[in-house]
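Let me begin by presenting the structure, written as structure tokens, before commenting on it.
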Amino acid sequence: MDVRQTIDAFEQWFRTFVLSEWTLYQFGIVAVGYVAASFLASRTEPALETKARRIKGNPDLLRVIIAFMRRLKWLFLAVWLWLANIALTQNTWPSQRWLVSTALTLTAAWFIISVLTKIIHNPTLSRTVAIVSWSYVALYALRLDGPVLSALDSLAVNLGAVRLSLLLVLKAVVLAVALIWVAVLVGNVLSRWVQRSGDLSPSIKVLISKFIKIGLIMIAGAIALSATGIDLTALTVFSGAVGVGIGFGLQKVVSNFISGIIILLDKSIKPGDTITLGDTFGSIRDLRSRFVSVITRDGKEYLIPNEDFISQQVVNWSFSSDYVRIDVDFGTAYDSDPHEVARIAIATASTVDRVANDYRAPVCWLTCFGASSLDFRLRFWISDPANGLTNVRGQVLMALWDAFKEAGVSIPFPHREIIMRTPVEIKQSRQD
Numbered sequence: 000m001d002v003r004q005t006i007d008a009f010e011q012w013f014r015t016f017v018l019s020e021w022t023l024y025q026f027g028i029v030a031v032g033y034v035a036a037s038f039l040a041s042r043t044e045p046a047l048e049t050k051a052r053r054i055k056g057n058p059d060l061l062r063v064i065i066a067f068m069r070r071l072k073w074l075f076l077a078v079w080l081w082l083a084n085i086a087l088t089q090n091t092w093p094s095q096r097w098l099v100s101t102a103l104t105l106t107a108a109w110f111i112i113s114v115l116t117k118i119i120h121n122p123t124l125s126r127t128v129a130i131v132s133w134s135y136v137a138l139y140a141l142r143l144d145g146p147v148l149s150a151l152d153s154l155a156v157n158l159g160a161v162r163l164s165l166l167l168v169l170k171a172v173v174l175a176v177a178l179i180w181v182a183v184l185v186g187n188v189l190s191r192w193v194q195r196s197g198d199l200s201p202s203i204k205v206l207i208s209k210f211i212k213i214g215l216i217m218i219a220g221a222i223a224l225s226a227t228g229i230d231l232t233a234l235t236v237f238s239g240a241v242g243v244g245i246g247f248g249l250q251k252v253v254s255n256f257i258s259g260i261i262i263l264l265d266k267s268i269k270p271g272d273t274i275t276l277g278d279t280f281g282s283i284r285d286l287r288s289r290f291v292s293v294i295t296r297d298g299k300e301y302l303i304p305n306e307d308f309i310s311q312q313v314v315n316w317s318f319s320s321d322y323v324r325i326d327v328d329f330g331t332a333y334d335s336d337p338h339e340v341a342r343i344a345i346a347t348a349s350t351v352d353r354v355a356n357d358y359r360a361p362v363c364w365l366t367c368f369g370a371s372s373l374d375f376r377l378r379f380w381i382s383d384p385a386n387g388l389t390n391v392r393g394q395v396l397m398a399l400w401d402a403f404k405e406a407g408v409s410i411p412f413p414h415r416e417i418i419m420r421t422p423v424e425i426k427q428s429r430q431d
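In numbering that gives the first Met the number 0, the protein residues as written are 0 to 431.
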């Protein structure tokens, strides 16, 4: 068939189907249904959405329900076109209802796809997936999928024994993204199930969650490559280059990843522990594949590489026990009774709320006869180091100040005596 014959065939189809009387009737049916569906949806959507927002505790379900409510126009239009298609099927030929049938398929597909893609949290990605999915359905409904797929398959290059076409690449990318997204979704669900288990330690929970997610993603990638017809053995050619890349370019990434697994296995730190690493003091919020999230008392969140917890000295204030001993040094005047001072200090420390008197009672020792004071060290225990150390020291010192002031115990300040061996003559200058 030459170009002229193709043009003639198209003109014949256009006059027969597009410019026919039944096509105009179908346009009218679709237009009336769209107007009626828009009016009906504007009346029902606000009230239904208000009721749907009362759902608590499941944001993903609420997102899908709200998306369903906001697209009632397409649902009403699909129902209208379905009823019209049934009526036309009983009274007309297929050629006299093709527009209504096609519009029904496209409308129903858009309604279902636009609602289901709201599960994806990223708005841009959700919209992109919805448009791409609906475009493929539209091509299929219009019977244009065959020519389009053939054109994409014709754009190919040969890499040895492997034929790499644009269609194959698109199928691999779409299938891989879809399967990986499903794997992440399933991994999150299983991870939440593991986190609710009361028989596992926090470190084991995190380790199991990481292995589940990584394993599902690897399985999804392998299934995507196999489903698209790519021979996995052909990828062994690139294994040497990948090994070199990991060894040099990704050295730190792999080191932090392995360090994270070691941390989870030896249970040296876990979420909720209070740690000190260098100048950073805070509570561990989360353990990730590459870093550890630490929240400090001033609200800063430090993302510390896992490797630092392996190679540097880490103080874990709650590794084997939540109880931590704190020392507070102070001094009193030499005319004070050291026995009375120790008694007052112990009694005063016991009145501070955060001091763990039920674990171990505070003690106070005379440590040194200083240059101008009797030096004491007060020791007490707390069970909540995550709530801060400086503040509890300050509370104890303030309580000691009040108790010593009430008991008449003075806290001296240093005295200095200067002896001049050579007499110094002081002259007063006269001003004219």
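For glycine and all other residues, C-beta sits at the position ideal for the given N, C-alpha and C.
These numbers were taken from a predicted model, which means no experiment stands behind them.
CB contact flag (residue i, residue j, <9 Å)
i: Ala219; j: Ile179; result: yes
i: Leu377; j: Phe329; result: yes
i: Ser288; j: Phe256; result: yes
i: Ile325; j: Arg392; result: yes
i: Leu87; j: Val78; result: no
i: Leu151; j: Leu174; result: no
i: Ile111; j: Leu184; result: no
i: Thr43; j: Leu71; result: yes
i: Val323; j: Trp400; result: no
i: Ala35; j: Phe75; result: yes
i: Arg296; j: Gly197; result: no
i: Thr350; j: Ala385; result: no
i: Val63; j: Leu115; result: yes
From the options, residue whose alpha carbon lies closest to that of residue i
i: Val362; options: Val354, Val252, Ile268 and Ile345; result: Ile345
i: Asn28; options: Asn315, Thr101, Ile65 and Ala66; result: In the sequence on display, residue 28 carries Ile and not Asn. Taking only the C-alpha atoms, the option nearest Ile28 is Thr101.
i: Leu263; options: Phe308, Val395, Ala150 and Val34; result: Phe308
i: Ala171; options: Ser225, Pro122 and Lys209; result: Ser225
i: Val327; options: Arg359, Gln394, Glu300 and Ser319; result: Gln394
i: Val193; options: Lys209, Thr116 and Leu215; result: Lys209
i: Ser37; options: Arg69, Ala402 and Thr91; result: Arg69
i: Trp81; options: Phe318, Gly32 and Tyr358; result: Gly32
i: Ala182; options: Val188, Leu154, Leu215 and Arg195; result: Leu215
i: Arg96; options: Phe26, Leu154 and Glu300; result: Phe26
i: Ala83; options: Gly298, Ile64, Ala30 and Ser190; result: Ala30
i: Glu20; options: Thr91, Ile64 and Ala40; result: Thr91
Whole-angstrom C-beta distance between residue j and residue i, which should lie under 8 Å
i: Leu286; j: Val156; result: With 8 Å as the limit, Leu286 and Val156 do not qualify as a contact, their Cβ atoms being about 44 Å apart.
i: Thr279; j: Trp316; result: Actually they do not touch by this definition, with Cβ atoms about 13 Å apart.
i: Asn305; j: Gly259; result: 4 Å
i: Ser372; j: Thr331; result: 6 Å
i: Ile294; j: Arg284; result: 5 Å
i: Asp383; j: Arg359; result: Not confirmed; about 15 Å, so no contact.
DSSP-derived helix/strand/coil call for residue i
i: Met0; result: Confidence in Met0 is poor, its pLDDT being 45 and thus under 50, which makes the residue's placement too unreliable to answer from.
i: Ala140; result: helix
i: Trp364; result: strand
i: Val351; result: coil
i: Phe375; result: strand
i: Phe308; result: helix
i: Val408; result: coil
i: Leu199; result: coil
i: Phe26; result: helix
i: Asn255; result: helix
i: Gly298; result: coil
i: Asp357; result: coil
Near the ligand FAD: residue i beta-carbon under 8 Å from a heavy atom
i: His338; result: The model depicted lacks the ligand FAD and carries no ligand whatsoever.
Original post:
Is there contact between the stretch 394 to 411 and the stretch 329 to 342, where contact requires at least three CB pairs shorter than 8 Å?
Top reply: Enough Cβ pairs lie closer than 8 Å, so yes.
Original post:
Is there contact between the stretch 103 to 122 and the stretch 130 to 145, where contact requires at least three CB pairs shorter than 8 Å?
Top reply: As far as the Cβ criterion goes, the stretch 103 to 122 touches the stretch 130 to 145, which means the pair count is three or higher.
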